[in-house]
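>
Residue numbers (our numbering), protein chains in the order written: chain F, 1 to 324; chain R, 325 to 834.
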């Protein structure tokens, strides 16, 4: 039997091109508007600031890209990032050597990633539910071990330097972020693993019959997402100079928004590293500009919500690909 | 209500599902429609029920031409469909399901629960006299036959005059079937026309007043049911198409006495039982059977799609355990599935990506990184050798014709030439489903070529002439078991049809 998908009002070529570049256009317009209205916006200092601000977000969003490539959702990233930051700083203030403390933070991510993977691929719980629950657990453990208080005092300078220091004008955190991006670009675009992640995302049945280990790659997407989130959480603690219990929360919304904005470009409907990096930049510029304009914090939430709806509408107009 | 379907065609991208079908459904009679999977039965009834529009042709109701824009449209005209899976809301009661969309209300917005129940009960008493149907129970707690009755009642509440029952007995036990047939007979007395679709031929023949046999989007036989017997119906369902009789395929002579490449001993799994089969190198064995006969389940189990419950699989003299398609592939078993867009191809991917995915590791010599040049080169050589008509490896697979898509689906396993000689078993399921005549014969040549390179080949096709044209031997399945084996020289459509029918009646008597 042949199944057919009815394209929802396939727009004409010119309109499609407009859709495709609409987010890029929006970013350019936004930059122009901010430059004209905010004096400090286009200064070297502010640009460095934006780059620093989006480094952690980019790492989370690129991690989410692995999960979404395999068509699984990870709603635990924000809270896993928060917990990893708390775990690493708690270890540090208690005298655990730096490499080991970082490893402990990353293990938190890995543990949550593995639990997510097992719940989704072995037990068979939809990732939307499994990762939402895992996020709640991470949040609870976070406040339990931190007592809801910030963790500071005795954090080694090497550690905080990762988040705050620069090499020349280049923030160290940006270099670390670029390493994650470069690695992910190669993995997702040029490796067997990446192709298989996209395969299980594009057509599970076909991937299975082609000999791809479907559960392994679905699980891998979720595991990588959690490890990336925990890396970002540790770097965020380094940047803040303390472990903040509520610090990671915004990475869920911002990270997903970045990935969805990225999906409008390159391969519409497909999460790509390049698209996600663009999406993170978009979110970073938006956050920064609205901040500098002195608008209330809630304006950012409203703006990002609207943006995410717009981006997803654009994607669904462009393609018949199922987003999730 | 007299329903006439006149020269209806339905075209899907890449397939012609209906090629000009006529059907006449008379009030007070049961009209059975039979045909193999893909013959067009479902498409036809979905068009009649307003679920999709025909590409051309008309539907005439009582002399008046009708165009249904939606199932509701058809329902208002008096045509209702009870689908195979059922369409009830599981946590609603029978009465709530029956009245869904036509609830009796008070004050305009509130549902009058008591009257809803009373009306449903009255309806049940009227149509199913003497049958005790619980209508205030949540339907998920009811047996499958009650669900069918509730769906029928829902149609009757909307005053259906033509009732389409798609595989109504698939989930029913024998006594429940008898009960359902009693209901159908009662409906007939009230002037309701019933269109019955079933894979159980004996049921169709017993219950129908008229039958229509479909194959490949055409009506290949129609008339009063008593004019047909089971073997005749099967022959029409699967019989040869003219074009293939003319396409005489020269079979490779297989080496006598070679060690078998694959052997199954007492293999059992879901849908098949105790299958012994030995296939020599370079030998093509056709597996024939009606839908659900077990030949397809058997072949899929060999590829690890479904688990094997008992028995052994021996490849080149060594017993193997196959738990997944990945392990099957690594053991030298490959499978080209049916429904290529669902089971084989990645619609948004390029031709190249679709070709390489089966043996991607072979173009990733170091660190798991795909060497782009190798991937392109290997895909081009497949495109060349199978004459896949594409503008290039970077063209999206969606843009190809059905035949070329199918070649990509097969070509995936020819991507690494050095592996072909190592294939012990190649399984093809409906390899020419929805492809045009030219591509059909090209695909037949590709299959013969693969066999010639020392593999054992299993071929499953609902087109018997295809099986005859390509196979050295034909093995017939029925009800999960092998019921007959033929050599190429002794096989005929009649013999195979009879074997399929005998297997069924023999089991029926037992």
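C-beta atoms are modelled at their ideal positions from N, C-alpha and C, and glycine is treated no differently.
This one's a predicted model, so the numbers in the text were calculated from it and none came from an experiment.
Measure the CB-CB distance between residue 276 of chain F and residue 299 of chain F and report whether it falls below 8 Å.
no
> Mind listing the chain R neighbours of residue 274 of chain F? Cutoff is C-beta to C-beta under 9 Å, in chain order.
Here the premise fails: no neighbours, minimum Cβ distance about 17 Å.
> So who's on the other strand from residue 542 of chain R, going by DSSP bridges?
For residue 542 of chain R, which the question treats as bridged, DSSP gives the partners R/539.
> How big is the Cα-Cα spacing for residue 811 of chain R and residue 800 of chain R?
11 Å
> Got a sec: is the Cβ-Cβ distance from residue 810 of chain R to anything in chain F below 8 Å?
No, its Cβ sits nowhere closer than 8 Å to a Cβ of chain F.
> Look at the alpha carbon of residue 230 of chain F and the alpha carbon of residue 251 of chain F, and state the distance between them as a whole number of angstroms.
11 Å
> Does any residue of chain R have a CB that is nearer than 8 Å to the CB of residue 206 of chain F?
yes
> Pick out whichever of R/482, R/548, R/525, R/503 has its Cα sitting closest to the Cα of residue 516 of chain R.
R/482
> If residue 660 of chain R and residue 751 of chain R are in contact, beta carbons under 8 Å, what's the gap, nearest whole angstrom?
7 Å
> Quick check on residue 100 of chain F: buried or exposed, where buried means 16 or more other Cβ atoms within 10 Å of its Cβ?
exposed
> Report buried or exposed for residue 167 of chain F, applying the criterion of at least 16 other Cβ atoms within 10 angstroms of its Cβ.
The residue is exposed, with fewer than 16 neighbouring Cβ atoms inside 10 Å.
> Less than 8 Å between C-beta atoms, sequence neighbours within five positions excluded: which residues of the same chain meet that for residue 763 of chain R?
Excluding sequence neighbours, residue 763 of chain R sits near 725, 726, 727, 728, 730, 731, 756.
> So with Cβ pairs under 8 Å, would you call residue 743 of chain R a contact of chain F?
no
> Can you list, in chain order, the residues of its chain whose CB lies under 6 Å from that of residue 394 of chain R, leaving out five sequence neighbours each side?
Annotation for residue 394 of chain R: 374 place their beta carbon closer than 6 Å to its own, counting only its chain and skipping 5 residues before and after.
> Terminal residues of the continuous beta strand (DSSP E) containing residue 419 of chain R?
Run containing residue 419 of chain R: none in the beta strand (DSSP E); it sits in the alpha helix (DSSP H), 418 to 423.
> Between which residues of its own chain and residue 177 of chain F is the CB-CB distance below 6 Å, once the five residues before and five after are set aside?
55, 58, 59
> Hey, how far is the Cα of residue 432 of chain R from the Cα of residue 425 of chain R?
Distance between the alpha carbons of residue 432 of chain R and residue 425 of chain R: 14 Å.
> Do you know offhand how far residue 568 of chain R's Cα is from residue 562 of chain R's?
With a pLDDT of only 44 at residue 568 of chain R, under the threshold of 50, the placement of this residue in the model should not be trusted; the figure read from the coordinates follows. C-alpha separation (whole angstroms): 13 Å.
> Determine, using beta carbons only, whether residue 209 of chain F comes closer than 8 Å to chain R.
Interface residue, yes.
> If I measure Cβ to Cβ from residue 815 of chain R and keep anything under 7 Å in the same chain, skipping five residues before and after, which residues do I get?
792, 798
> So, do the stretch 634 to 647 of chain R and the stretch 177 to 188 of chain F have three or more beta carbon pairs nearer to each other than 8 Å?
no
> Applying a beta-carbon distance threshold of less than 8 Å, which residues of chain R neighbour residue 250 of chain F?
The contacting residues do not exist; residue 250 of chain F stays about 32 Å from chain R at best.
> Which word fits residue 528 of chain R, buried or exposed, when buried means at least 16 other C-beta atoms lie within 10 angstroms of its C-beta?
buried
> Report the rounded CA-to-CA distance for residue 765 of chain R versus residue 620 of chain R, giving the unit in angstroms.
Residue 765 of chain R and residue 620 of chain R: Cα-Cα distance of roughly 23 Å.
> Cα-Cα, which of R/614, R/721, R/783, R/327 is closest to residue 518 of chain R?
Comparing Cα-Cα distances from residue 518 of chain R to each of R/614, R/721, R/783, R/327, the minimum goes to R/327.
> Return the CA-CA distance between residue 717 of chain R and residue 704 of chain R, expressed in angstroms with no decimal places.
7 Å
> Using the Cα positions of residue 662 of chain R and residue 75 of chain F, report the straight-line distance between them to the nearest angstrom.
36 Å
> Only counting runs of 3 or more residues, tell me where the beta strand (DSSP E) segments fall wholly within the stretch 130 to 180 of chain F, in order along the chain.
Every candidate beta strand (DSSP E) stretch fails here, since none sits fully inside the stretch 130 to 180 of chain F while reaching 3 residues.
> Return the CA-CA distance between residue 742 of chain R and residue 777 of chain R, expressed in angstroms with no decimal places.
Rounded to whole angstroms, residue 742 of chain R and residue 777 of chain R show a C-alpha spacing of 11 Å.
> Run down chain F in chain order and give the residues with a C-beta less than 7 Å from the C-beta of residue 625 of chain R.
Result: empty, since nearest Cβ-Cβ is about 13 Å, beyond 7 Å.
> Determine which residues of the stretch 650 to 673 of chain R have a Cβ less than 8 Å from any Cβ of chain F, and write them out in chain order.
650, 652, 653, 654, 659, 661, 663, 665, 666, 667, 668, 669, 670, 671, 672, 673
> Spell out whether any CB of chain F is found under 8 Å from the CB atom of residue 684 of chain R.
Under the 8 Å criterion on CB atoms, residue 684 of chain R is classed as interfacial with respect to chain F.
> Could you check what DSSP says for residue 115 of chain F in three-state terms: helix, strand or coil?
Reduced to three states, the DSSP call for residue 115 of chain F is helix.
> Tell me the rounded alpha-carbon separation between residue 83 of chain F and residue 148 of chain F.
The straight-line gap separating the alpha-carbon atoms of residue 83 of chain F and residue 148 of chain F is approximately 11 Å.
> What are the start and end residues of the alpha helix (DSSP H) that includes residue 733 of chain R?
726 to 735
> Of all the options R/461, R/361, R/488, which has the alpha carbon lying nearest to the alpha carbon of residue 539 of chain R?
R/361
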